[in-house]
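Numbering (numbering that gives the first Met the number 0), first residue to last: 0 to 134. Quick notes on the structure that follows.
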Amino acid sequence: MKAAVRYFTKTGNTKKLADAIAQELGIEAKEITAPLEEKADVLFLCNSVYWAGVDSKVKQFISDNKSNIGKVVNVSTAALIESSYPQIKKLCEQSGVSVSDEEFHCKGSFKVMHKGKPDSGDIQAVKVFAGKIVG
Ligand SMILES: Cc1cc2nc3c(=O)[nH]c(=O)nc-3n(C[C@H](O)[C@H](O)[C@H](O)COP(=O)(O)O)c2cc1C
0 MKAAVRYFTK TGNTKKLADA IAQELGIEAK EITAPLEEKA DVLFLCNSVY WAGVDSKVKQ
60 FISDNKSNIG KVVNVSTAAL IESSYPQIKK LCEQSGVSVS DEEFHCKGSF KVMHKGKPDS
120 GDIQAVKVFA GKIVG
């Protein structure tokens with residue numbers, strides 16, 4: 000099974016999860032600006048929400064790379080919402096891209112909220128999660 004990791008971050012929180020997944024799988028986490036050059040059976044799509052919405056670059060990435068995505072596994076951080084999963088699922092459906100029911104979410108620091116998140120526990124948990132997904 001071929002896996003890939005892409006992330007979008009504004010303040011660095013989501014990159015921590017992306018790097019941990021990539022380290023666990025022995026691959027490289029790349030920014031969302033890097034297109035998928037070959038088919039990924041599993042794409043760990045690491046993202047967040049800003050003023051309640053997923054960034055337009057994430058939307059564009061899904062649309063531009065749909066033919067090279069076997070299945071999206073959503074990985075998100077946020078300060079308030081429980082997950083970006085519903086938004087990502089909707090966007091993927093609009094592009095005809097499959098989304099795994101399994102996802103990873105944890106809190107991400109924002110101003111005075113959730114200082115230090117994702118923390119070492121989250122990093123460990125996302126590594127275990129990625130390992131289970133890829134088998
Ligand atoms: C400009 C901005 C707007 C945000 N808006 C929301 C929001 O509407 N809901 C929420 O749950 N978190 C919100 N957050 C918090 C981020 O989702 C959280 O800090 C996340 O971990 C950021 O990920 P990043 O560091 O990878 O960019 C916002 C953060 C920023 C910087």
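Just so it is clear, CB atoms sit at the ideal spot from N, CA and C, and this is done for glycine as well.
**Asked** For the alpha helix (DSSP H) that contains A33, what are its first and last residues?
**Response** Sequence index remark: in the sequence shown, residue 33 carries index 34 (1-based). For A33, there is no enclosing alpha helix (DSSP H), since its DSSP letter is neither H nor E.
**Whole-number beta carbon distance between V71 and C45, since they are thought to touch under 8 Å** = Looking up residue 45 in the sequence shown gives position 46. Looking up residue 71 in the sequence shown gives position 72. About 11 Å separates the two Cβ atoms, so there is no contact after all.
**Prompt:** Got a sec: does ligand 1 put a non-hydrogen atom nearer than 7 Å to the Cβ of T32?
**Reply:** Walking along the sequence shown from the start, residue 32 turns up at place 33. The answer is no for T32.
**Prompt:** So is the beta-carbon of S47 under 7 Å away from any non-hydrogen atom of ligand 3?
**Reply:** Of the ligands this structure carries, namely ligand 1, none is ligand 3.
**Member of Y6, G115, K116, G130 whose CA lies at the smallest distance from the CA of V53** = If you number the sequence shown from 1, residue 53 lands on position 54. Closest option to V53, judged by alpha-carbon separation, among Y6, G115, K116, G130: Y6.
**Message:** Which residues does DSSP list as the beta-bridge partners of C91?
**Reply:** Walking along the sequence shown from the start, residue 91 turns up at place 92. Its beta-bridge partners do not exist; DSSP assigns none.
**Prompt:** Which same chain residues, not among the five before or five after V4, have their C-beta less than 6 Å away from its C-beta?
**Reply:** As a working mapping, residue 4 is identified with position 5 in the sequence shown. So the qualifying residues of the chain are A17, I20, A21, A28, F43.
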